[in-house]
Amino acid sequence: MTDSRQSMSRSSVDEKDIEALPTTEEPKGRLSFVAALPHLSTLPDKDSQQRELDLKRMQHRTGSKEVPRTMSISWVPGGTSRPAPSEPSARIPLEFRTISLHVNETRESKSGTVLAAKVSAKKSKAVQDLAELQWASLSIDEVSTRLSADTQNGLEPAQVEKRLAQHGPNQITAAPNRWARKIAGYILGGFGSLLLICAVITFISWRPLGDPDPSVSNLALAIVLLIVCAMSAAFNAWQDWSTTQTMKSIAGMLPTDVLVSRSGSMLKIPYKSVVPGDLLHVKMGQKLAADCRIIESSADMSFDRSILTGESEAVLATSDATRDSFMESANIALQGTLCVSGSGKALVVATGDNTVFGRISAMTQQSKKQMTTLEREVFRFVAIIASLAISVAVIIVILWAAWLRPKHPDFISVSGILIDVVSILVSFIPEGLPICVSSSLTIIANKLKEHKILAKGLSTVETLGAVNVVLSDKTGTLTTNQMTVMSLGVGDSSYTAVDAIAAAKSNASQSRIIRELATVATVVNDAEFEATQTQSEKEKPVERRVIGDATDSGLLRFADKCLDVEATRAEWLELYRLAFNSKNKFALKLCTGQTDKGTEFSAAEDDAVLLVKGAPDILLRRCTSYLQEDGSLAPLDEDAESHIVTLQESFAARGQRVLLMAKKTIQAGTIDASCFASKALLGETVLALNVELEVVGLIGLVDPPKHDTAATVSTCQRAGIRFAMVTGDFASTAKAIAQGVGILSGNADVIHTVANLPRDIDEKDIKPFSPDSDITTAIVLSGSDLMAMNEVQWKQIVHYTEAVYARTTPEQKFRLVKAYQAAGNVVAVTGDGTNDAGALAAADIGVAIAGGSDVAVEAADVVLLEDFSAILVGIEYGRLVFDNLKKVIAYLLVAGSWAELWPVLLSVLLGLPQALSSMQMIIICVLTDVAPALSLIHEKPESDIMLRPPRNIKTDRLADWRLLCHSYLFLGNLQALCAMTACFYFAFEHTYGIHWSQLVFSYGGVQGVDPETLAEATAQAQALYFFSLVLGQWGNLLATRTRRLSIFQQDPIFNPKTRNWYLFPAMAIALALACFFSYLKPLNQPLETYAVPAQYVFLPMAYALGFIVLDETRKLIVREYPNSLLAWLAW
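For what it's worth, UniProt numbering labels the leading residue of the sequence shown as 1, then goes sequentially.
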């Protein structure tokens, strides 16, 4: 073996590309490839000296003293399609995503393996059940016998039907409803606890503090507060149910198919239909739908078990047992774990509640809800308002105790001051806000559902609205992921696909080389034609359905037009395979001929052929010769290599993905027969042989952009969002696609490269990106550029307007996300592949494309179920959520907080009769203001919402000082002033002749006015103040529904794009509630509410109209003079 390695060395190949094999003793004999295969089953097991030697080698390489996983050679037929993600709630409960179950293995004793699990005593039985599972230690034959399963053809329909009836659907039983906890949350959630405390205080104020003459109004107020508590709890319960149903229906929109073999055919079935004994096809990026026993695996097949164990290191899979423990053996693939590389077959051994996840779920099911970013923002605001309310209440109590009580003991009693405190607390805090937040998010979730967007959390879409940088994968995201062969390069010539197909079927001199190229594309290919097609469909190659990824599918369709794919594959017996991955950037198969008629390649009977496909820049340096057009072999000198590179670049410049096909004949005896006993050792040997290859040719495939990509990119750019491409494809291909879809707009004077990034510039001299700049800068970098860059250069690239990053690794994608975030950006990553998962998880908002890998869908926050342009809908509604909640806050603060505070303050400080009763304050806060506030969350996006720059999450808060100034100092003071005018001028003075000067410092007794007249005047004044606020809020509502646009630009009635049907019914509901409590005579006395005199009915409406006119004037100035003081103050 040492001699073989030395003979394979080549100066043009980097040493890091070939992992040196450990030195071993030279075996006494060698076997040919064909002769070696029948003896594989008789090779010594793990007790043999050879196996021990293999284990020592692996321990030496890994530095691990653990017993390593043994491996067997198994042929894995290609042909799993890109797996459809399964419903998260059904296959892996979200509440268990961070569960870590640690099981330690001790030394074996006579009684077997003893497991020590770090779980509580009450879970010991369930852990023991896991320990007793024996599937790992059984041979494949024993597993298939126990399951009555066929490892080649899968189950028969009768078996499936019987097992579904016996085991039930493959889903985990939902967590039990903890109704006591839920009901408590419904009652005390939001501001329920505050309302309940206020009700208790009000009851105490009625009696005993109200004795000997308890006020009926206090009792009525307490009862009303209890009713409001009950209504709030009922709404919370309904909202919880509604949200649950919404999320269930959205999650149900995800594709949930898995690939199995049944009755000898490969089928896609719903994950719930998987039963024990099913033969499951597993591919990179797929999440396991059930607990499985691996029976065949590629050399690089590995699983991410972090969802169960908490360990980030992927576990290499094998078909042999590495431990007796079901949880730890490498031949077991557990439900919910992710296949991060390679592919293979597995037999399902447990489904539903019988899986490890199902057992853990039964042990630890509990719902832990954490506050989202948006909820924290809301409650941050509420905490500020609550602090202000408590501060004001404390100040009033101090003034009452230190001044009013001693000097004017008859003015406000103890029960009266408590009622005033309750009024301040209830009125100051916007009780309708939590309802509006939850309702708004539910409404938006339903809107997103209509546009085929799945938001895993209700608040995630708001983050999407703040995004200012999008880093997008190319293949499958910006493009259709439907590859078609367009160009071929063989020898010194290039052909279109049509010409190449015609030549392959003719007797032309180049037909042999083209057929050889098609053979490599056929054999080193994991795609398969769907087995369930009819004969008539097979006669139409264009219509044949393919199961496999886009590249392999495109190659298979092309090859099928050049030769008989099934017959060609039947000519070869696979000895070893390595699937394509984003690190190697090549795939290979070691094969030997197994038919009498021979193959496309000339090789001795016992020789093998190494077939390789992959990236030209990676494989070309491993090649020493190339096939000419006539089929002869020529050395790969500088001129020939330059010609191949030129041809590759010409294909890539047309937006084509270019693959190089190569081969190498491996003579019999080159590989020791002993290598086949260890898949790891065989893999190292084959990789070492992956040099001195012969170039067969180049194939260029086109993956056209999606129909909506260019428009999506353009809209994002107009919305102030920078759009960059991050892809594993070649720079020339990526650049061509980027120019085609507008990522590189052509507005830059020159497209920069790494040469334009100084390495020693002072960080202070780096010009930051400015959204207001008219200068467009662009850069195109490759993965090798990124690898060579220093920190200063990394800090420069994030400030370019346009960027394309090509040939990037998953690690570089991850680092790009972190670099943009470090510069203060809110980053969205879009992708569909396993190699995108790290970046998706690291991004502020990860956006996966449905139909992509399960690991990408799992890592993302949002899943686009159909068109890529749906991301614009998500961004728009994300901005709309924030906009509408700002409008809700601006609306609620005007009357429900500020205008209601002044009657209490003026009463305490100036001794005036209280212009608004406590009951009226509470009616406004918890009843009349709620319906209009809820109508605001139905507002359509303003026409300029996607023309504004994204909000700055650090400075643009939900309720900033500008909004508070607008609500308090502008509209709040206007409304309070108008209501005070109605109260003290039209009611006291105009109706009863009581002048303002008589009321100031009167403290309950006005000179020259009898108490009955004063009480009657106060009641009328309170009614007028009350209706001034209720109807004045109409004007506030219509003014607040737009931030900058005129009401005529955002027409609430006639324009379908801006119409809000909820607006005017909400206004009517507010008026109806006010009339109900004011004009229903049986309620007047106990609630201290009274009707408005007929002559003053339209006065509050005039106030409302005035508010609209004044705010329209303000908005006009803001629009016409964007640099004015008013524009700077605009919220």
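Beta carbons: idealized from backbone N, C-alpha and C, even for Gly.
Worksheet item: When burial is assigned at 16 or more other CB atoms within 10 Å of the CB, is W241 buried or exposed?
Response: Residue 241 sits at position 241 when you count from the first residue of the sequence shown. Residue burial is scored here from C-beta neighbours: W241 has fewer than 16 other C-beta atoms within 10 angstroms and is therefore classed as exposed.
Worksheet item: How is the alpha helix (DSSP H) around W961 delimited, first residue to last?
Response: Translated into positions along the sequence shown, residue 961 becomes position 961. Residues 961-964.
Discussion item. Going by DSSP, what residue range makes up the alpha helix (DSSP H) through E811?
Written reply: One-based indexing of the sequence shown puts residue 811 at position 811. That run of the alpha helix (DSSP H) goes 810-822.
Discussion item. Does W1061 pass the burial test, meaning 16 or more other C-beta atoms within 10 Å, or should it be called exposed?
Written reply: As a position in the sequence shown, residue 1061 is number 1061, starting the count at 1. With fewer than 16 other Cβ atoms within 10 Å, it is exposed.
Fill in: Uninterrupted beta strand (DSSP E) stretches inside the segment 839-895 (no shorter than 3 residues)
Assignment of beta strand (DSSP E) within the segment 839-895, counting only whole runs of 3 or more residues, yields 845-849, 862-864 in chain order.
Worksheet item: With a Cβ-Cβ cutoff of 8 Å, do S325 and A503 count as a contact?
Response: Numbered from 1 along the sequence shown, position 325 holds the residue referred to as residue 325. Numbered from 1 along the sequence shown, position 503 holds the residue referred to as residue 503. For S325 and A503, no; Cβs fall outside 8 Å.
Discussion item. Assuming L693 and G491 are in contact, meaning their beta carbons sit under 8 Å apart, how far apart are those beta carbons, in whole angstroms?
Written reply: Working through the sequence shown from its first residue, we reach residue 693 at position 693. Working through the sequence shown from its first residue, we reach residue 491 at position 491. Going by Cβ atoms, the distance from L693 to G491 rounds to 16 Å, so no, they are not a contact pair.
Practice prompt. Assign T646 to one of two classes, buried (16 or more other C-beta atoms within 10 Å of its C-beta) or exposed (fewer than that).
Written response: Translated into positions along the sequence shown, residue 646 becomes position 646. Exposed: under 16 other Cβ atoms inside 10 Å.
Worksheet entry | Distance between P430 and P1093 (C-alpha atoms, nearest Å) | Start at 1 with the first residue of the sequence shown, and residue 1093 comes out as number 1093. Start at 1 with the first residue of the sequence shown, and residue 430 comes out as number 430. When rounded, the separation of the alpha-carbon atoms in P1093 and P430 is 30 Å.
Worksheet entry | CB contact flag (residue 1196, L590, <8 Å) | Within the shown structure, residues of the chain are numbered from 1 to 1131, placing residue 1196 beyond reach of any answer.
Item to complete: Counting only the same chain and skipping the five closest in sequence on each side, list residues whose C-beta sits under 6 Å from that of S423.
Response: As a working mapping, residue 423 is identified with position 423 in the sequence shown. Excluding sequence neighbours, S423 sits near S918, M921.
Discussion item. So, for T1058: in the same chain, excluding its five sequence neighbours on each side, which residues have a beta-carbon less than 6 Å away from its beta-carbon?
Written reply: Start at 1 with the first residue of the sequence shown, and residue 1058 comes out as number 1058. Same-chain partners within the cutoff: K940, Q1050, D1051.
Practice prompt. Consult DSSP for H281 and reduce its assignment to one of helix, strand or coil.
Written response: For the purposes of this step, residue 281 is identified with residue 281 of the sequence shown, where counting begins at 1. In the structure shown, H281 adopts extended strand secondary structure according to DSSP, grouped into three states.
Worksheet entry | Presumed contact (8 Å Cβ cut-off) between residue 1132 and C562, rounded CB distance | Because the chain here runs from 1 to 1131, residue 1132 falls outside it and cannot be looked at.
Worksheet item: Do L1087 and A220 have their C-beta atoms within less than 8 Å of each other?
Response: As a first step, residue 1087 must be located in the sequence shown, where it is residue number 1087. As a first step, residue 220 must be located in the sequence shown, where it is residue number 220. Taking 8 Å as the cut-off, the Cβ atoms of L1087 and A220 count as close.
Discussion item. Please classify S109 as buried or exposed, where buried requires at least 16 other C-beta atoms within 10 Å of its C-beta.
Written reply: Here residue 109 refers to the residue found at position 109 when the sequence shown is read from its first residue. Unreliable positioning characterises S109 in this predicted model, as indicated by a pLDDT of 36, which lies under 50. A coordinate reading is not provided.
Worksheet entry | Three-state secondary structure assigned by DSSP to P758 | The count along the sequence shown starts at 1 and reaches residue 758 at position 758. Reduced to three states, the DSSP call for P758 is coil.
Worksheet item: Once you ignore the five residues that flank A734 on each side, which residues in its own chain have a CB closer than 7 Å to its CB?
Response: As a working note, residue 734 is residue 734 in the sequence shown. Here the set comprises K474, M725, T727, V804, A806.
Worksheet item: How should F1001 be labelled, buried or exposed, when 16 other C-beta atoms within 10 angstroms of its C-beta is the threshold for buried?
Response: Your numbering for residue 1001 matches position 1001 in the sequence shown. A residue is called buried once 16 or more other Cβ atoms fall within 10 Å of its Cβ, and F1001, having fewer, is exposed.
Discussion item. Checking the sheet assignment: what are the DSSP bridge partners for F529?
Written reply: As a first step, residue 529 is located in the sequence shown; it is residue number 529 there, counting from the start. Beta-bridge partners of F529 (DSSP): V546.
Discussion item. Tell me the residue span of the beta strand (DSSP E) that contains Q920.
Written reply: As a position in the sequence shown, residue 920 is number 920, starting the count at 1. Not the beta strand (DSSP E): Q920 falls in the alpha helix (DSSP H), residues 918-923.
Practice prompt. Whole angstroms is fine: what's the gap from R1114's alpha carbon to P1100's?
Written response: Taking the sequence shown and counting its residues from 1, one reaches residue 1114 at position 1114. Taking the sequence shown and counting its residues from 1, one reaches residue 1100 at position 1100. A straight-line Cα-Cα distance of about 21 Å links R1114 and P1100.
Practice prompt. Return the Cβ separation of C339 and Q286 in integer angstroms, given the expectation that the two are a contact with Cβ distance under 8 Å.
Written response: The count along the sequence shown starts at 1 and reaches residue 339 at position 339. The count along the sequence shown starts at 1 and reaches residue 286 at position 286. Correct: roughly 5 Å between the Cβ atoms.
Worksheet item: Between the segment 1016-1034 and the segment 967-982, are three or more C-beta pairs nearer than 8 Å?
Response: Yes, they touch.
Practice prompt. With E156 as the anchor, note down where its alpha helix (DSSP H) starts and where it stops.
Written response: By one-based count along the sequence shown, residue 156 stands at place 156. In the DSSP assignment, E156 falls outside any alpha helix (DSSP H), carrying neither H nor E.
Item to complete: Indicate whether the contact test is met: 3 or more Cβ pairs, each with one atom in the segment 166-175 and one in the segment 350-359, closer than 8 Å.
Response: Output reads yes: the segment 350-359 touches the segment 166-175.
Fill in: Selection from S732, A839, G342 that minimises the alpha carbon distance to Q812
Here residue 812 refers to the residue found at position 812 of the sequence shown. Per the Cα distances, A839.
Worksheet item: The beta strand (DSSP E) with F654 in it runs from where to where?
Response: Counting from one through the sequence shown, the residue named residue 654 turns up at place 654. Strictly speaking, residue 654 in this sequence is Arg, with Phe absent from that position. Boundaries cannot be given for R654, as no beta strand (DSSP E) includes it and DSSP labels it neither H nor E.
Item to complete: Alpha carbon to alpha carbon, how far is R305 from A317? Give it in angstroms, no decimals.
Response: Within the sequence shown, the letter at position 317 stands for residue 317. Within the sequence shown, the letter at position 305 stands for residue 305. Computed Cα separation, rounded: 11 Å.
Discussion item. Measuring only the C-alpha atoms, how far is W961 from D213?
Written reply: The sequence position of residue 961 within the sequence shown is 961, counting from 1. The sequence position of residue 213 within the sequence shown is 213, counting from 1. Each residue's alpha carbon lies about 46 Å from the other.
Item to complete: List the endpoints of the continuous alpha helix (DSSP H) containing W1131.
Response: Position 1131 of the sequence shown holds residue 1131. For W1131, no alpha helix (DSSP H) run applies, since DSSP gives it neither H nor E.
Worksheet item: Which whole-angstrom value describes the C-beta separation of L1038 and I1108, a residue pair presumed to lie in contact below a C-beta threshold of 8 Å?
Response: On the sequence shown, residue 1038 is found 1038 positions in, with the first residue counted as 1. On the sequence shown, residue 1108 is found 1108 positions in, with the first residue counted as 1. That belief holds up - the Cβ atoms of L1038 and I1108 are roughly 6 Å apart, short of 8 Å.
Discussion item. On the criterion of 16 or more Cβ atoms from any shown chain inside 10 Å, does T955 qualify as buried, or is it exposed?
Written reply: One-based indexing of the sequence shown puts residue 955 at position 955. Taking all protein chains shown into account, T955 has fewer than 16 neighbouring C-beta atoms within 10 Å of its C-beta and is therefore exposed.
Worksheet item: In whole angstroms, what separates the C-alpha of L164 from that of V275?
Response: Numbered from 1 along the sequence shown, position 164 holds the residue referred to as residue 164. Numbered from 1 along the sequence shown, position 275 holds the residue referred to as residue 275. When rounded, the separation of the alpha-carbon atoms in L164 and V275 is 6 Å.
Item to complete: Within the same chain, show all residues whose beta-carbon is closer than 8 Å to that of M946, passing over the 5 residues directly before and after it, in chain order.
Response: Taking the sequence shown and counting its residues from 1, one reaches residue 946 at position 946. Around M946: T715, R718, A719, L872, I875, E876, R879.
Practice prompt. Return the chain-ordered list of same chain residues with a C-beta closer than 7 Å to the C-beta of L1126, the five sequence neighbours on each side being excluded.
Written response: In the sequence shown, residue 1126 corresponds to position 1126, counting from 1. Taking L1126 as the centre and dropping the five residues before and after it, the same chain places the C-beta of R1114, I1117, V1118 closer than 7 Å to its C-beta, in chain order.
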